[in-house]
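Residue numbers (the numbering used here): 25 to 118.
Working notes, beginning with the structure itself.
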């Protein structure tokens, strides 16, 4: 995902000879490469869980780009909300 939109679907393949390791491949559209910092979020298809992030810097790189930091904070907040809701659902019957 980039700026709240799905921009590509990644393909996973097992890394030969290395257990529990996978190779991730995806084709990013050229429109993602803009000036400044762009954050691509890799999410699980079924659960929407954030798996990782890719940060791209192009053009005049800014030392502390607040947009990238905000995008990372939003993703982490989504992860916390998801985990908290799951915890509440798991412990509701106790």
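Heads up, the beta-carbon is just placed ideally off N, CA and C, and yes, glycines get one too.
Quick caveat: nothing in here was measured; it's all calculated off a predicted structure.
Cβ atoms of residue j and residue i: under 8 Å apart, would you say?
i, j, result
"residue 35", "residue 49", "yes"
"residue 75", "residue 62", "no"
"residue 58", "residue 82", "yes"
"residue 64", "residue 78", "yes"
"residue 53", "residue 30", "no"
According to DSSP, is residue i helix, strand or coil?
i, result
"residue 79", "strand"
"residue 118", "coil"
"residue 40", "coil"
Bridge partners for residue i per DSSP, in chain order?
i, result
"residue 49", "35"
"residue 74", "67"
"residue 60", "82"
"residue 29", "26"
Leaving out five residues before and five after residue i in sequence, what residues of the same chain have Cβ atoms less than 6 Å from its Cβ?
i, result
"residue 103", "74"
Rounded to whole angstroms, how far is the Cβ of residue i from the Cβ of residue j, which I believe are closer than 8 Å?
i, j, result
"residue 91", "residue 25", "Residue 91 to residue 25, Cβ: 15 Å. No contact."
Quick one: what's got a C-beta closer than 8 Å to residue i's C-beta in the same chain, skipping five residues either side?
i, result
"residue 56", "26, 31, 62, 64, 80"
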